[in-house]
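*Asks:* Before anything else, here's the structure in question.
Residue numbers (UniProt numbering): 1 to 544.
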């Protein structure tokens, strides 16, 4: 297997060397290079092209080379056959890389409604932890779970921009290694403060596979197959909420809560080793820069440079990259609206996640071991949501391609998907709340959780694919902006979950949550209808 750090053998580029993945324009050559796709909020760059790398205005307006420059390093011609181009990797290479990233996401973060294995596995043992550390605070009981998610709120602000500056590979390897270390320290925690601090740090670095996983898919997969691969990539994370609490509950009952972290560390260490052996760099600018660097070393000519290299000083480029997710969240309307919507849903559903153990132990007399079974409904629902999205998510894009039309990002928000999904979330919350309140058979609230989870999965996948298609090169930053806000609410809203149920009961408490979700339901529907107009408006044309 070729090492990720060893570029394929190359020849010096000819003056007419093609460039894949970006449309580079100069005053002398205003015709975009062929074989490119551009879905940009700025219509001046909106070409009907065919690959999947977003064009930053810095690349268009900066002092970059064109195909007339003999020292410009691009893909070998024909560009759709260059094996160094991640878009041309074999199905085996693509699937193995996405499979590894999916498994890492399974360990650290779930895009669905029940949270990460690293968090969900721990949830059933919270009463045991509180007893060991001699605390009876409901607030602290919720926070020791949700602090991991708080780490997700800050991690993407660093992880995503570095991945767009230095590449995906170094971020995966660094974060996976640190996650392994912080998980071991969590297992050795001697105080509640120590446990909380290192769970936060584990969340901070553990967010990497999910934050930049969508960017990796954008690097590897053309748009007409992207929804399918986004769904397949999510199969790893969504199994976390099913396996985690069940395994964690019985493990805590048999061996104690610390063993949950030891098992997670053992599996995480194995996965990290596998990632070092298997994963390769997929980010086109970094791949081409390595290719140019090899040419500079082999020829002794310092003039060779990547066609995608920026003329911005490294320090300024780093600062711009770090600021980009926050800038997107504040200044890009579609990112702001989608992030607010998903954040509210994620916060509401994490209230359920942090209270499942208490509700089912209190209402149905579940033990520490069997309390993990309370997560089955949500896990089954998310699997069903993946199947639905994998089947229908690419349908409109394929129809447009077949008809000779140009797909647009809003094709990822078809009304036949997002409307039923957005309505199923409040419906499921209300079913769960009243069934648990009246102590109907425990299967009934699980059905409510499954209904909620189907809708949540479809909405999250639709939003992520929409943002990836709208900001392809900066997909990691767009997803990071989305992850930051939802992680903040996912960490903070659960702090009031038990108090809410104590005050007004499970029935009315979840009805309130359902009406909040219902009030947000029009957002994806309206963006599916009017998102293109918003992106092309003066407010939507922002340079990142």
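Glycine residues also receive a C-beta, built at the ideal position from the N, C-alpha and C atoms.
A quick note: this is a predicted structure, and the numbers were derived from the prediction, not measured.
Quick check: the segment 212-220 against the segment 275-287, are at least 3 beta-carbon pairs closer than 8 angstroms?
*Replies:* Touching, yes, given that three or more Cβ pairs across the two stretches are closer than 8 angstroms.
*Asks:* Let me check understanding here. Comparing Cα to Cα, which of 274, 488, 295, 530 lies closest to residue 99?
*Replies:* The residue given as residue 99 occupies position 99 in the chain shown. Cα-wise, what sits closest to residue 99 is 274.
*Asks:* Would the beta-carbon of residue 450 fall within 8 angstroms of that of residue 363?
*Replies:* One-based indexing of the chain shown puts residue 450 at position 450. One-based indexing of the chain shown puts residue 363 at position 363. Contact flag unset, no.
*Asks:* I'd like to know whether the C-beta atoms of residue 207 and residue 483 end up nearer to each other than 8 angstroms.
*Replies:* Within the chain shown, the letter at position 207 stands for residue 207. Within the chain shown, the letter at position 483 stands for residue 483. Yes, the pair counts as a contact, with Cβ atoms nearer than the cut-off.
*Asks:* Kindly list the residues whose CB is nearer than 7 angstroms to the CB of residue 529, restricted to its own chain and excluding five residues on each side of it in sequence; keep chain order.
*Replies:* Taking the chain shown and counting its residues from 1, one reaches residue 529 at position 529. Closer than 7 angstroms at the Cβ level, and outside the excluded window around residue 529, lies no residue.
*Asks:* Could you check what DSSP says for residue 526 in three-state terms: helix, strand or coil?
*Replies:* Position 526 of the chain shown, counted from the start, is the residue given in the question as residue 526. Here residue 526 sits in helix by DSSP.
*Asks:* Give a yes or no on contact between the segment 438-450 and the segment 367-377, applying the rule of three or more CB pairs nearer than 8 angstroms.
*Replies:* Yes: the two stretches touch, three or more of their Cβ pairs being nearer than 8 angstroms.
*Asks:* Drop a sphere of 10 angstroms on the beta-carbon of residue 453, count the other beta-carbons inside from all chains shown, and report buried for 16 or more, exposed for fewer.
*Replies:* Residue numbering aside, residue 453 sits at position 453 when the chain shown is read from its first letter. So residue 453 ends up on the buried side.
*Asks:* My output table needs one value for residue 142: the three-state DSSP class, helix, strand or coil.
*Replies:* For the purposes of this step, residue 142 is taken as the residue at position 142 of the chain shown. In the structure shown, residue 142 sits in a helix (DSSP, three-state: H, G or I).
*Asks:* According to DSSP, is residue 521 helix, strand or coil?
*Replies:* Locating residue 521 in the chain shown gives position 521, where the first residue counts as 1. DSSP places residue 521 in coil when its eight states are reduced to three.
*Asks:* Under a Cβ-count criterion, where at least 16 other Cβ atoms within 10 Å of its own Cβ denotes burial, should residue 391 be classed as buried or exposed?
*Replies:* Numbered from its first residue, the chain shown carries residue 391 at position 391. Burial call: exposed.
*Asks:* State yes or no: is the C-beta of residue 156 within less than 8 angstroms of the C-beta of residue 325?
*Replies:* The sequence position of residue 156 within the chain shown is 156, counting from 1. The sequence position of residue 325 within the chain shown is 325, counting from 1. For residue 156 and residue 325, yes; Cβs fall inside 8 angstroms.
*Asks:* By the DSSP assignment, the alpha helix (DSSP H) with residue 173 in it spans what residues?
*Replies:* If you number the chain shown from 1, residue 173 lands on position 173. Looking at the DSSP string, the run of the alpha helix (DSSP H) that includes residue 173 is 168-187.
*Asks:* The alpha helix (DSSP H) with residue 304 in it runs from where to where?
*Replies:* Translated into positions along the chain shown, residue 304 becomes position 304. Counting along the chain, residue 304 falls outside any alpha helix (DSSP H), and DSSP gives it neither H nor E.
*Asks:* Given a cut-off of 8 angstroms on the beta-carbon distance, is the pair residue 524 and residue 462 in contact?
*Replies:* The sequence position of residue 524 within the chain shown is 524, counting from 1. The sequence position of residue 462 within the chain shown is 462, counting from 1. Yes, the Cβ-Cβ distance between residue 524 and residue 462 is below 8 angstroms.
*Asks:* Would you grab the beta carbon distance between residue 458 and residue 385 for me? Rounded to a whole angstrom, and I think it's under 8 angstroms.
*Replies:* Within the chain shown, residue 458 is the residue found at index 458, counting from 1. Within the chain shown, residue 385 is the residue found at index 385, counting from 1. Confirmed, Cβ separation roughly 5 angstroms.
*Asks:* Residue 73 by DSSP, collapsed to three states: which one?
*Replies:* For this step, residue 73 is matched to residue 73 along the chain shown. The answer is strand: DSSP assigns residue 73 an E or B state.
*Asks:* Which same chain residues, not among the five before or five after residue 258, have their C-beta less than 7 angstroms away from its C-beta?
*Replies:* Here residue 258 refers to the residue found at position 258 when the chain shown is read from its first residue. Closer than 7 angstroms at the Cβ level, and outside the excluded window around residue 258, lie 187.
*Asks:* Would you mind reading off the limits of the alpha helix (DSSP H) that contains residue 128?
*Replies:* On the chain shown, residue 128 is found 128 positions in, with the first residue counted as 1. Residue 128 -> alpha helix (DSSP H) spans 126-132.
*Asks:* I'd like the ranges of any beta strand (DSSP E) spanning at least 3 consecutive residues and lying wholly in the segment 259-298.
*Replies:* Fully enclosed beta strand (DSSP E) runs of 3 or longer: not present.
*Asks:* For residue 34, which three-state DSSP category applies?
*Replies:* The residue labelled residue 34 in the question sits at position 34 within the chain shown. A caution first: residue 34 carries a pLDDT of 34, below 50, which makes its placement in the model unreliable, though a value can still be read off. Coil, per DSSP.
*Asks:* Please report the straight-line C-alpha distance between residue 495 and residue 140, rounded to a whole angstrom.
*Replies:* What you label residue 495 is simply residue 495 of the chain shown in a count that begins at 1. What you label residue 140 is simply residue 140 of the chain shown in a count that begins at 1. C-alpha separation (whole angstroms): 8 angstroms.
*Asks:* Alpha carbons only, please: which of 154, 106, 137, 165 is nearest the one belonging to residue 288?
*Replies:* Here residue 288 refers to the residue found at position 288 when the chain shown is read from its first residue. The shortest Cα separation from residue 288 among 154, 106, 137, 165 belongs to 165.
*Asks:* So residue 493 and residue 348 are in contact, right, with Cβ under 8 angstroms, and what is the actual spacing, rounded?
*Replies:* The sequence position of residue 493 within the chain shown is 493, counting from 1. The sequence position of residue 348 within the chain shown is 348, counting from 1. So it is a contact: roughly 7 angstroms between Cβ atoms.
*Asks:* Going by C-alpha to C-alpha distance, which of 107, 488, 532, 411 sits closest to residue 262?
*Replies:* Residue mapping note: residue 262 aligns to position 262 of the chain shown, counting from 1. Among 107, 488, 532, 411, the Cα nearest to that of residue 262 belongs to 107.
*Asks:* Among 172, 185, 225, which residue has its Cα nearest to the Cα of residue 209?
*Replies:* Start at 1 with the first residue of the chain shown, and residue 209 comes out as number 209. Cα-wise, what sits closest to residue 209 is 172.
*Asks:* What's the gap between the Cα of residue 532 and the Cα of residue 468?
*Replies:* Within the chain shown, the letter at position 532 stands for residue 532. Within the chain shown, the letter at position 468 stands for residue 468. Cα to Cα, residue 532 sits roughly 15 angstroms from residue 468.
*Asks:* Given this structure, state the Cα-to-Cα distance separating residue 527 from residue 413, to the nearest angstrom.
*Replies:* Within the chain shown, numbered from 1, the residue matching residue 527 stands at position 527. Within the chain shown, numbered from 1, the residue matching residue 413 stands at position 413. Using only the alpha carbons, I get a separation of about 8 angstroms.
*Asks:* Taking DSSP as the reference, what is the three-state secondary structure of residue 221?
*Replies:* Counted from its first residue, the chain shown places residue 221 at position 221. Note: residue 221 maps to coil in three-state DSSP.
*Asks:* Whole angstroms is fine: what's the gap from residue 417's alpha carbon to residue 84's?
*Replies:* On the chain shown, residue 417 is found 417 positions in, with the first residue counted as 1. On the chain shown, residue 84 is found 84 positions in, with the first residue counted as 1. Rounded to the nearest angstrom, the two C-alpha atoms are 37 angstroms apart.
*Asks:* What residue range is occupied by the uninterrupted alpha helix (DSSP H) comprising residue 361?
*Replies:* Here residue 361 refers to the residue found at position 361 when the chain shown is read from its first residue. Per DSSP, residue 361 belongs to the alpha helix (DSSP H) from 333-364.
*Asks:* Quick check on residue 411: does DSSP put it in helix, strand or coil?
*Replies:* Translated into positions along the chain shown, residue 411 becomes position 411. In the structure shown, residue 411 sits in a helix (DSSP, three-state: H, G or I).
*Asks:* Rounded to a whole number of angstroms, what is the C-alpha to C-alpha distance between residue 86 and residue 345?
*Replies:* The count along the chain shown starts at 1 and reaches residue 86 at position 86. The count along the chain shown starts at 1 and reaches residue 345 at position 345. Roughly 34 angstroms between the two C-alpha positions.
*Asks:* Closer than 7 angstroms to a non-hydrogen atom of the ligand GTP - does that hold for the CB of residue 332?
*Replies:* Because no ligand of any kind appears in the structure shown, any question about the ligand GTP cannot be addressed here.
*Asks:* DSSP state of residue 403, grouped into three classes?
*Replies:* Here residue 403 refers to the residue found at position 403 when the chain shown is read from its first residue. If DSSP states are grouped into helix, strand and coil, residue 403 belongs with coil.
*Asks:* Under DSSP, the alpha helix (DSSP H) around residue 93 begins and ends at which residues?
*Replies:* The residue given as residue 93 occupies position 93 in the chain shown. 91-108 is the extent of the alpha helix (DSSP H) around residue 93.
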